[in-house]
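**Q** Listed in order, the protein sequences are those of chains A and B. With my numbering applied, the first sequence closes on residue 625, and no number is skipped along the way. With my numbering applied, the second sequence closes on residue 362, and no number is skipped along the way.
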Amino acid sequence: MNIPSELKYTKDHEWLKVDGDIATIGITDFAQGELGDIVYVEVETLDETLDAEEVFGTVEAVKTVSDLFMPVSGEIIEFNEELESAPESVNSDPYGAGWMIKVKLSDVSQLDALMSADDYKALVG
Amino acid sequence: MKNTALSHIHESLGAKMVPFAGYNMPVQYEGVNAEHETVRTGVGVFDVSHMGEFILRGPKALDLIQKVTSNDATKLFDGRAQYSCMPNNDGGIVDDLLVYRISEEEYLLVVNASNIDKDWDWIKSHNTFGVEMSDISDSMSLLAVQGPKATETLQKLTDVNLSEVKYYHFTKGTFAGVDNVILSATGYTGSGGFELYIPNDVTEEVWKKVFEAGEEFGIKPIGLAARDTLRLEMGFCLYGNDIDDTTSPFEAGLGWITKFTKDFVNSENLAKQKEAGVSKKLVAFEMIDRGIPRHDYVIVDAAGNNIGRVTSGTQSPSLKKAIGLGYVNNEFTAVGSEIFLDIRNKSVKAQVVKLPFYKA
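Okay, structure coming up:
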């Protein structure tokens, strides 16, 4: 299973790539494998500011649906529009073309509570 | 949890395994869309050994079957199978099943894995006919080999002329060197093929031979996830989702297997219900707005009034559309009726359509 060392992770199987006070967020390789073939990603919270743990969207797979949770508090400044026509990117390239949103962090110190790649690896076994 | 004779093979193939009705079953191998496509265009193999098999034997076996099932089993002859259901006394359904006539005094009943104990007790409780019953579920495997290339694949392994076995007919023959295999032209996919009933001890060998025979057609193992999307595209009911202890055969659109040519469990009440009509029915629908129906989503009308509930739903891999089955009040059952699903507090539009969703 692919768990890049430079990313941060959550127990909800999301990853974050941090650049200053902007975080790019997606779901992990483990998560996409559990969901199976993804049909679409719905994010209707663009431009909203949400708290950590709030639902920012949903991901619909053929067999199941899952909520997407904010790993940290912040404003959703971008949604990956490419997913509208190529939702399968989440399956094939979860850490690259399958990214979902970009968030302007409200409180950078929240990042300290996230998991490292090693912690996450221990979680998903 | 029980393993089938092939659980270790599925694991070695990298399948994602899930507990299903007490069995360790493969839900998917490479992915539901790809597996679905394999069955629609080529040939795929399902291990559905979790299904239950009962043998009923004796001069009155037919009488017992007539008593507990709704379809008319006197229509069967040797080598003929029938889809049927077992009504309960409260207007619902104990299980749906296949009834095979092996001989005049011997029948095979194939029931859902999750209902094996319930069905066994139910049938036994009605066995005032002295019928000899045996539950062979634990010693039998069931392979469903399905798809347009299934017959050609299987033909390599038997002298029985499979193209002469018509839909819902079966024969017993030597297959892959194993005697007395039931070769049944049935399935749960709508893409044709056979279901093979095989003793556990030779199942792994048969599985291997089937894969060798199908290699030139790109044969693949298929998991339960694709089994569900395939059956749903055909509108086949799934017990526990679309039908259960509380749904009437008439509500479920199973009037065609409910025959009042005989007396059976709850037949008087069901006959009255047929005459009076039911107030809700199982319908097929396609999403108009974006959304994927899921079991137990609430169905509403344009004004937001609750008019029913979803029993099955998926994104259809063949049609690239979201499809579902659900019970709705009578006034919304006509093809073309506009209905709405309450999905995460949003009203999402759908339309009632005719079955099957997918035409092979």
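Note that CB positions come from ideal geometry on N, CA and C, so glycine has one too.
Which residues of the segment 64-83 of chain B have a Cβ closer than 9 Å to any Cβ of chain A? Give them in chain order.
**A** Under the 9 Å Cβ criterion, the segment 64-83 of chain B contributes no residue.
**Q** I601 (chain A) and V539 (chain A) - do their beta-carbons sit closer together than 8 Å?
**A** Not closer than 8 Å, so no.
**Q** Whole-angstrom Cβ separation of P358 (chain B) and P251 (chain B), contact assumed at under 8 Å?
**A** About 19 Å; that fails the 8 Å criterion.
**Q** Can you look up L66 (chain B) in the DSSP assignment and give me helix, strand or coil?
**A** Note: L66 (chain B) maps to helix in three-state DSSP.
**Q** Tell me the residue span of the alpha helix (DSSP H) that contains T40 (chain B).
**A** Counting along the chain, the alpha helix (DSSP H) containing T40 (chain B) begins and ends at 34-43.
**Q** Strictly below 8 Å CB to CB, what residues from chain A border V34 (chain B)?
**A** Neighbours of V34 (chain B) on chain A, chain order: G536, D537, V562, K563.
**Q** Spell out a yes or no on whether the segment 229-237 of chain B and the segment 72-79 of chain B are touching, meaning 3 or more CB-CB pairs, one atom from each, closer than 8 Å.
**A** The segment 229-237 of chain B is not in contact with the segment 72-79 of chain B.
**Q** What number of angstroms, rounded off, separates the C-alpha of D291 (chain B) from the C-alpha of D65 (chain B)?
**A** The alpha-carbon atoms of D291 (chain B) and D65 (chain B) are separated by roughly 50 Å.
**Q** Would you mind telling me which residues of chain B sit closer than 8 Å to T558 (chain A), beta carbon to beta carbon, in chain order?
**A** Within chain B, the residues near T558 (chain A) are R346.
**Q** Just the C-alpha distance for H297 (chain B) and F342 (chain B), rounded to the nearest angstrom, thanks.
**A** About 14 Å.
**Q** I'd like to know whether the C-beta of Y509 (chain A) is nearer than 8 Å to at least one C-beta of chain B.
**A** By this cut-off, Y509 (chain A) is not an interface position.
**Q** Between Q610 (chain A) and the rest of its own chain, which residues show a CB-CB distance below 7 Å, the 5 nearest in sequence each way excluded?
**A** Correct list, in chain order: A552, V572, S573.
**Q** For my contact list, E340 (chain B) and K323 (chain B) are in at a C-beta cut-off of 8 Å; report their separation, rounded to the angstrom.
**A** About 16 Å separates the two Cβ atoms, so there is no contact after all.
**Q** For Y540 (chain A), which residues in chain B fall below 8 Å Cβ to Cβ?
**A** The answer, in chain order, is R292.
**Q** Is it right to say Y25 (chain B) is buried, meaning 16 or more other beta carbons lie within 10 angstroms of its own, or is it exposed?
**A** Buried, since its Cβ has 16 or more Cβ neighbours within 10 Å.
**Q** In terms of alpha-carbon separation, which member of B:Y190, B:G192, B:T130, B:L198 lies closest to T160 (chain B)?
**A** The shortest C-alpha separation from T160 (chain B) is found at B:L198.
**Q** Return yes when the Cβ of D512 (chain A) is within less than 8 Å of the Cβ of F579 (chain A), no when it is not.
**A** The answer is no: Cβ separation not under 8 Å.
**Q** On a Cα-Cα basis, can you pick out the residue from B:V113, B:G192, B:E166 that is closest to P150 (chain B)?
**A** Nearest C-alpha to P150 (chain B): B:G192.
**Q** In chain A, which residues lie less than 8 Å from A227 (chain B) when you measure between Cβ atoms?
**A** Those within 8 Å of A227 (chain B) in chain A are G536, V562, K563.
**Q** Taking the CB atoms as reference points, tell me whether T176 (chain B) and V167 (chain B) lie closer together than 8 Å.
**A** For T176 (chain B) and V167 (chain B), no; Cβs fall outside 8 Å.
**Q** Quick check on T188 (chain B) - is its C-beta less than 8 Å from some C-beta in chain A?
**A** Chain A, which has no Cβ nearer than 8 Å to the Cβ of T188 (chain B), makes this no.
**Q** Along chain A, which residues have their Cβ under 7 Å away from the Cβ of P319 (chain B)?
**A** V562, listed in chain order.
**Q** For the candidate residues B:V96, B:M135, B:G225, whose alpha-carbon lies nearest to that of Y190 (chain B)?
**A** The shortest C-alpha separation from Y190 (chain B) is found at B:G225.
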